[in-house]
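Peer 1: Sharing a structure with you now.
Numbering (full-length UniProt numbering), first residue to last: 1 to 606.
This is how it looks when you write it as structure tokens:
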């Protein structure tokens, strides 16, 4: 991440907005950092359950002879990947300082942070490779990113010094290219000044409002960027930061209960421009600007210009592999094919984890990288739901899941200088948040051609979809429905962006919300939490500690919420709080108790 996290896996300190030069797409940088932004997913056209009338038409589709359609689980692998980590993990009762459930990016961030501090950590991963939604899989010469592809936080000024890893990355000069109703086309270049010029050229009458809104985003970003990142639940750190940087702390406190849409409406009147800002926020949070916390918007809408988008050579999965290797090099362990089914409690304290095969592992503390719904509804099934979790579920609901399409296409179907990332909402702003309404498209081979066979490109397509739309179907109807939905999405992209796209397809796999529930172990395949109604910024979002002694949560259902920048915050902050609780960092039990009560009270205001 290009935010200056001192003493974390992210080394480097940046305090002010700096404008640099574009680098050509082919230029690579050897750097390391850990933070893929979770690719946002988007919505579109509702397909009725009764699809039999459409299925027969599929047989009439003319595809080239090399076309392969696979609509089985999108996360399957041709063979088990040989990754270090399983060797040396005890099959008997063995005590660790920390057990982390799940090797998603945030789980690995928390684990590596603790390992470099000297903790003995065990990471339990259900699948055969690390990364979760930031993982990868290989098919027919293609290397596909499972989910994340818009990579924030890979600046050439940061390294993975904490775990001694280095990755090569390719800068992307354009964050995203918006294709919106009324033929509104907006590119978001890396250079902030270029972006402002592009946007004010589209809305010259709103130039002053545009500058004021994005200026407020920069206030948040620069305040965050000036602070040392540790746990907001640790009072010694918090007081120290306040006395060192009082203005920056007060700035963040001011914006904490506010949403991006309210700030935008202070300065902007044009409804189409406000709709554009809704689309900007939708990429961050899968909700509109009025429901997006201003702090989250400020982080992402500025970091894309500050650190930029940099794609890791070889694909996103290399990040998790590098973190995993660094974790093992620090003397900690990862166990694959380890399906956690229960968190073990003794006298009300979390002390271990039981796997589906009956094995049990024990530790001083447990960190769950599962959603809070999965943590308290499944891993602690049968236990009384703590009051603070009841409050969380009153304020937040599970966001929908997504449909994903991974395709290989002939390279000639893409025009020269095609951008890597696209957001498509063709006709009606009202469809922004509807299922199958908006489409997010990533073409990582525009930056790294090594991901596909020669003469081929990868298209990775997302659109929001609810699991309820996929339940109650026979296997035959389920597979047919995936084809119908996929071809409708492809037809829209063919009409809007790439004529001849459908006939250029050489490979395709489709994943539904059921696929993501199965492989990512997320309740209903959810993308994360979203507010039931207009929230008070981030006030209602819980932190890492829980009401269960010894149990911590990390990820998008913890402060500061969705987005990879946000979840990386969560992992680093959790590691600091856990390190204090197991005696690696300084702590004050009396001050801890007072601060936790204060934070709990603040959440009730949401």
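Glycine included, C-beta positions come from ideal geometry on N, C-alpha and C. In this text, all values refer to a predicted model and were calculated from it rather than measured experimentally.
Specify the secondary structure class of residue 37 as computed by DSSP and reduced to three states.
Peer 2: Interpretation of residue 37 is limited by its pLDDT of 31, a score under 50 that renders its predicted location unreliable; no figure is taken from the coordinates.
Peer 1: Could you pull out every residue in the same chain whose Cβ sits closer than 7 Å to the Cβ of residue 52, ignoring the five residues on either side in sequence?
Peer 2: Reliability of the predicted coordinates at residue 52 is poor, the pLDDT of 36 falling under 50, and no value is obtained from them.
Peer 1: Starting from the Cα of residue 235, find the closest Cα among 589, 417, 602 and give me that residue.
Peer 2: Looking at the Cα atoms, 589 is the closest of the given residues.
Peer 1: With the cut-off set at 8 Å, would you say residue 319 and residue 105 are in Cβ contact?
Peer 2: It is a contact, given that the beta carbons lie within the stated cut-off.
Peer 1: Apply the 10 Å Cβ neighbour rule to residue 598 and answer buried if 16 or more other Cβ atoms are within range, or exposed otherwise.
Peer 2: By the neighbour-count rule (16 or more Cβ atoms within 10 Å), residue 598 is not buried but exposed.
Peer 1: Could you have a look at residue 388 and say whether DSSP puts it in helix, strand or coil?
Peer 2: DSSP places residue 388 in helix when its eight states are reduced to three.
Peer 1: State the start and end residues of the unbroken alpha helix (DSSP H) segment that holds residue 656.
Peer 2: Only positions 1 to 606 of the chain appear in the structure, and residue 656 is not among them; the question remains open.
Peer 1: Per the contact definition of three or more C-beta pairs closer than 8 Å, is the segment 513-520 in contact with the segment 497-505?
Peer 2: Not touching, per the Cβ criterion.
Peer 1: Quick one: is residue 170 near chain D, going by C-beta distance under 8 Å?
Peer 2: Absent here is chain D; the protein component of the structure consists of one chain.
Peer 1: Tell me which same chain residues have a C-beta within less than 7 Å of the C-beta of residue 498, skipping the five on either side of it?
Peer 2: Hits under 7 Å: 413, 414.
Peer 1: With contact counted as at least three CB pairs below 8 Å, one residue from each stretch, are the segment 207-222 and the segment 300-314 in contact?
Peer 2: Cβ pair count under 8 Å is three or more, so yes.
Peer 1: Put residue 609 into one of helix, strand or coil per three-state DSSP.
Peer 2: Here the chain comprises residues numbered 1 to 606, so residue 609 is not present and cannot be evaluated.
Peer 1: Starting from the Cα of residue 554, find the closest Cα among 536, 574, 565 and give me that residue.
Peer 2: With distances taken between Cα atoms, residue 554 lies closest to 574.
Peer 1: Rounded to the nearest angstrom, how far is the Cβ of residue 460 from that of residue 409, given a contact under 8 Å?
Peer 2: 11 Å between Cβ atoms; not a contact.
Peer 1: Consult DSSP for residue 79 and reduce its assignment to one of helix, strand or coil.
Peer 2: The predicted position of residue 79 is uncertain, since its pLDDT is 35 and thus under 50; a value taken from the coordinates is nonetheless stated next. Coil, per DSSP.
Peer 1: Determine the closest residue to residue 181 out of 277, 427, 150, with distance taken between C-alpha atoms.
Peer 2: For the residues 277, 427, 150, the minimum Cα distance to residue 181 belongs to 427.
Peer 1: Taking three-plus beta-carbon pairs below 8 Å as touching, is the segment 382-399 in contact with the segment 528-536?
Peer 2: Because the criterion of three Cβ pairs below 8 Å is met, the segment 382-399 and the segment 528-536 touch.
Peer 1: Return the residue from the list 95, 96, 113 that minimises the CA-CA distance to residue 570.
Peer 2: Nearest option by C-alpha distance: 113.
Peer 1: To the nearest angstrom, how far is the alpha carbon of residue 216 from that of residue 591?
Peer 2: Using only the alpha carbons, I get a separation of about 33 Å.
Peer 1: If you run the structure through DSSP and keep just helix, strand and coil, what is residue 119?
Peer 2: The answer is coil: DSSP assigns residue 119 none of H, G, I, E or B.
Peer 1: Hey, residue 341 and residue 323: beta-carbon distance below 8 Å or not?
Peer 2: It is not a contact, given that the beta carbons lie outside the stated cut-off.
Peer 1: Excluding five sequence neighbours on each side, which residues of the same chain lie with their C-beta closer than 6 Å to the C-beta of residue 273?
Peer 2: Same-chain partners within the cutoff: 203, 206.
Peer 1: For residue 243, count neighbouring C-beta atoms within 10 Å of its own C-beta (all shown protein chains included) and say buried if the count is 16 or more, exposed if not.
Peer 2: When all chains shown are included, residue 243 counts as exposed.
Peer 1: Classify residue 339 as helix, strand or coil using the three-state DSSP reduction.
Peer 2: Note: residue 339 maps to coil in three-state DSSP.
Peer 1: In whole angstroms, what separates the C-alpha of residue 278 from that of residue 601?
Peer 2: Each residue's Cα considered, the two are about 31 Å apart.
Peer 1: According to the Cβ coordinates, are residue 406 and residue 176 closer than 8 Å?
Peer 2: Against a cut-off of 8 Å, the Cβ pair of residue 176 and residue 406 comes out as no contact.
Peer 1: My parser needs the alpha helix (DSSP H) runs of 4 or more residues fully inside the segment 525-604; what are they?
Peer 2: You should have 564-581, 589-604.
Peer 1: Applying the 10 Å Cβ sphere with the 16-neighbour rule, what's the burial state of residue 347?
Peer 2: Per the 10 Å Cβ criterion, exposed.
Peer 1: By Cβ distance, which residues of its chain are closer than 6 Å to residue 386, with the 5 residues on each side in sequence left out?
Peer 2: Answer for residue 386: 547, listed in chain order.
Peer 1: Return helix, strand or coil for residue 331, following the three-state DSSP convention.
Peer 2: Looking at residue 331 - three-state DSSP - the assignment turns out to be coil, as it is neither helix nor strand.
Peer 1: Which term fits residue 271, buried or exposed, when burial requires 16 or more other beta carbons within 10 angstroms of its beta carbon?
Peer 2: With fewer than 16 Cβ atoms within 10 Å of its Cβ, residue 271 is classed as exposed.
Peer 1: Which of the three DSSP states is assigned to residue 404 in this structure?
Peer 2: DSSP places residue 404 in strand when its eight states are reduced to three.
Peer 1: For the alpha helix (DSSP H) that contains residue 465, what are its first and last residues?
Peer 2: First-last for residue 465: 456-465, but that is the beta strand (DSSP E), not the alpha helix (DSSP H).
Peer 1: Can you have a look at residue 604 and say buried or exposed, based on whether 16 or more other CB atoms are within 10 angstroms of its CB?
Peer 2: By the 10 Å Cβ count, residue 604 comes out exposed.
Peer 1: Taking just the CA atoms, how far does residue 567 sit from residue 226?
Peer 2: Each residue's Cα considered, the two are about 19 Å apart.
Peer 1: Apart from the five residues just before and just after residue 593, which ones in its own chain have a Cβ nearer than 6 Å to its Cβ?
Peer 2: Counting only Cβ-Cβ distances below 6 Å, and skipping sequence neighbours, we find nothing.
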